[in-house]
Amino acid sequence: MSLEEELSNLTPTADTLLTIGVFDGVHRGHQKLLAELVKKAKERHLSSGVITFNNHPLSQLGNHTAPPVLTSNQDKITLIKSLGADFVMSLDFSPELAQTGAREFCSLLQKNLKMKGLVLGFDFAMGRNREGSLSKMELLGKEMGFTTAIVPPVIVEGNIVSSTAIRYLISGGKVRQAESMLGRNYSLGGMIIAGKGIGQKLGFPTANIKIDPAHATPPNGIYATIAVLNGEKMAAATNIGIGPTFGGGERTVEVHVLDFNGSLYGKYMEVEFVERIRDEITFSGAEELKAKIAEDIRNVRSILKGY
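For the working numbering, add 84 to where a residue sits in the sequence shown, where the first one is 1.
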């Protein structure tokens, strides 16, 4: 499907104010931009719309590799809509789109989406070779008859909030700092599949979560987490790793839900990461590991007391 065909699939009944971006994570910077979009659209009696992408633009640009994602596409759209946008259009970032110039893209937005203005982030650039810088977009707006508004960054502890910064924090296990930029706990979700049953034998049964490898995953270790199952939130201790005490193996995400009895196989679980407790280490045997797990669970209870 061509870019114009994709855009023509949505036919807004009212003139629109739009923003454009990847919006991976829908973090506090994105939240500020979206709040400004919704506010300005209401002031101008326009429909607020978000143009985002099903795949990361870097996947179509030369020899670049797309970074691990912070949110699935569906979760991203749900989060954006929850912040008040009237509609979200998620496009395939195709080779055609990568080669589309900024002027041509804006013309398509005016033609197909009745675009009367853009609200853009401070680091925005679009079009072939990123030619559509903020200054270029402002010039295009004056020439083509649409407004442009630039939203400044959000600063947390002296650092600009960005998806790249959040990925860096997660890759280092700094999930609490990532939460301060996201505005919520970082989470991973997946179906619960059969594991080796080692946790059960130790007296600490775990749910083995099948994680999408495209998602950013914290490093190996033990984490205080919140397990979300059918909308219910429960305290949990989560181990990411290979189980070196029992010979190692495939990397897994295993969740021990505190004070829970029952089968979880085949269900979908989301895991919110609150704090990293320790590294994954090799123990001398089962008894030493059991004692450490019991200590980990006490730490989890203490950390999650305020949740």
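All C-beta atoms in this analysis are idealised placements derived from N, C-alpha and C, irrespective of residue type, glycine included.
Predicted model only: the values in this text are computed from it and were never measured.
How many Å lie between residue i and residue j at the Cα?
i	j	result
VAL172	LEU101	12 Å
GLU90	GLY256	38 Å
ILE244	GLY279	40 Å
LEU253	GLU263	10 Å
SER166	GLY273	19 Å
PRO236	THR103	14 Å
PHE189	PRO297	32 Å
GLU241	GLY369	42 Å
GLU180	LYS124	31 Å
ALA119	THR248	21 Å
LEU175	ARG128	26 Å
TYR307	ALA319	11 Å
THR97	ASN157	25 Å
HIS299	SER219	34 Å
MET199	LEU193	6 Å
ALA186	PHE367	58 Å
PHE344	PRO289	9 Å
ALA378	SER347	21 Å
LYS126	GLY133	12 Å
GLU222	LEU342	54 Å
GLY225	LYS351	49 Å
With a CB to CB cut of under 8 Å and the five nearest residues on each side skipped, what residues in its chain are close to residue i?
i	result
LYS258	ARG360
Spatial neighbours of residue i within its chain, please: C-beta separation below 6 Å, excluding the five flanking residues on both sides.
i	result
THR336	ASN292
GLY201	LEU101, PHE230, THR231
LEU163	VAL110
ASN383	ILE361
In the DSSP assignment, find the unbroken alpha helix (DSSP H) run with residue i in it and report its ends.
i	result
LYS123	112 to 127
THR248	247 to 255
ARG382	370 to 387
PHE189	186 to 197
MET85	Taken as a continuous stretch (DSSP letters only), MET85 belongs to no alpha helix (DSSP H), as it is neither H nor E.
Report all residues from its chain with a CB closer than 7 Å to the CB of residue i; omit the five preceding and five following residues, and keep chain order.
i	result
SER217	ALA209
SER246	GLY113
Can you check whether the CB of residue j is closer than 8 Å to the CB of residue i?
i	j	result
VAL110	LYS160	yes
GLU364	PRO328	yes
ILE295	THR301	yes
LEU313	MET353	yes
MET265	ILE277	no
GLU334	THR322	no
GLY205	LEU117	yes
LEU87	THR184	yes
LEU94	LEU197	yes
GLY267	ARG385	no
GLY325	ARG362	no
GLY105	THR136	yes
VAL358	ASN269	yes
Drop a sphere of 10 angstroms on the beta-carbon of residue i, count the other beta-carbons inside from all chains shown, and report buried for 16 or more, exposed for fewer.
i	result
ASN138	exposed
GLU356	buried
ASP397	The chain is shown from 85 up to 391; residue 397 falls before or after that span and cannot be answered.
MET228	exposed
TYR349	exposed
ALA169	buried
GLY390	exposed
ILE239	exposed
Using 8 Å as the limit for Cβ to Cβ distance, is residue i near chain C?
i	result
LEU218	Absent here is chain C; the protein component of the structure consists of one chain.
How far does the beta strand (DSSP E) with residue i in it reach, from first residue to last?
i	result
SER271	270 to 277
LEU163	No beta strand (DSSP E) contains LEU163, which is instead part of the alpha helix (DSSP H) from 157 to 166.
GLU354	352 to 362
MET173	171 to 175
ALA321	316 to 325
GLU338	336 to 341
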